[in-house]
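One structure is given here, and the rest of the page talks about it.
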Amino acid sequence: MTPRAVEILKQADLVAAEDTRVTGHLLKHFGISTPMISLREHNERGMAEKLVARMQAGEAIAQVSDAGTPAISDPGALLAAAAHAAGIPVVPVAGASALAAALSAAGFTAPHTLFYGFLPPKSNQRREVLDGLKDAHWVTVFYEAPHRIADCLDDLAAVFGAEREAVLARELTKTFETIRRLPLGEMTDWVKSDSNQQRGEIVLVVDAAPPAEAQDIAEHDSLLAPLVAELPLKQAVALAQKISGAPRNALYERALELKKAAENN
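What follows is the structure in structure tokens.
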């Protein structure tokens, strides 16, 4: 907690909390007596209208979530949107962020990052999502529940490959903070062998896909070029990927090159 956050919670007329029991411990620790109201995933849509009305009447409302930052895989976005629509200022109060903390400790150098949040809970749906991400040239960040972490790592290793580097960041900023970087295959075995790694708040940071060799992709020109000539770009790439099994992103980049070359001729 920053001094600014403590002061704002003291000055607010009301604290909208994901779980008033959890936030109650926080407020008590800092000697804050501001009243609370529950604002969680299942009541946020209806509650946002009521809270906006209170703010329009002159109240200042602070919103907090249990173990993260509001609106980042936590409640808060609907209330912020309603406040914006009503012309009420929305002021972020910076604090601990699992996303930023995990990224800063991961040590991956790809210039772009995708924050995916929570993957689907079922393996077949999870693998379908991961299949669309496996060839991406950006670092991907996931949040995962402790009871699903072992199965999630199984699917990541199967789809992304056991050699892809990843970082597991668990219980960040807390007593049992753990940060470890391993290939996905090794990480899966490590987590399964240590039940402590299947507890708490977990962030997975997965390195970007290695760049495809231009020569390898050019080998598919005989397939890709006629498809690009006859079909919309996305459809041509999807069909070429299905036939060749080559990485979709690399095929797309090559298709753009072929299309541009054809237009210049």
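Position 177 (the sequence shown) corresponds to 177 in the UniProt record's numbering; numbering is contiguous. The beta-carbon is built from N, C-alpha and C at its ideal position, and this holds for glycine as well. Being a predicted model, the structure only gives us computed values, none of them experimental.
In the displayed model, L156 falls within a helix according to three-state DSSP. S38 sits in a strand when the DSSP states are folded into three classes. With fewer than three CB-CB distances shorter than 8 Å, the stretch 199 to 211 does not count as touching the stretch 223 to 237.
In the three-state reduction of the DSSP assignment, E201 falls in the coil class, being assigned neither a helical nor a strand state. Under the criterion of beta carbons closer than 8 Å, P75 and R40 qualify as touching, at roughly 6 Å. Looking at the backbone, the Cα of D154 and that of V129 are separated by about 14 Å. In this structure G68 is buried. Its beta-carbon is surrounded by 16 or more other beta-carbon atoms within 10 angstroms. For the pair of segments examined, the stretch 88 to 95 was found not to touch the stretch 146 to 166: the number of CB pairs separated by less than 8 Å stays below three. Within the same chain, and ignoring the five residues on either side of E171 in sequence, the residues whose Cβ sits closer than 7 Å to its Cβ are E177, T178, G200, E201. The stretch 118 to 133 and the stretch 49 to 68 do not touch, with fewer than 3 CB-CB distances between them shorter than 8 Å.
One Cα belongs to V15, the other to V6, and the distance between them is close to 12 Å.
Within the DSSP bridge table, the entry for G117 names F142 as partners. Inter-segment contact for the stretch 218 to 226 and the stretch 251 to 258 is present: three or more beta-carbon pairs are separated by less than 8 Å. Measuring C-alpha to C-alpha distances from L51 to each of L78, H29, P70, L27 identifies L78 as the nearest. About 4 Å separates the Cβ atoms of V167 and A106, confirming a contact at the 8 Å cut-off.
Relative to the Cα of S244, the nearest Cα in the group A94, V191, A96, E219 belongs to E219. Rounded to the nearest angstrom, the gap between the Cα atoms of T188 and Q125 is 19 Å. R181 sits in a strand when the DSSP states are folded into three classes.
Under the criterion of beta carbons closer than 8 Å, K259 and L231 do not qualify as touching, at roughly 11 Å. At the C-beta level, A83 and D13 stay beyond 8 Å of one another. DSSP lists I61 as the beta-bridge partner residues of L14. Less than 8 Å separates the beta-carbon of A136 from that of N249. Look at L172 here: in three-state DSSP terms it is coil, with no helix or strand label.
For T23, the enclosing alpha helix (DSSP H) begins and ends at 20 to 29.
For E165, the beta-bridge partners assigned by DSSP are P183. Measuring C-alpha to C-alpha distances from D216 to each of S193, F142, L251, I37 identifies L251 as the nearest. DSSP links V206 through a beta bridge to T140, A166.
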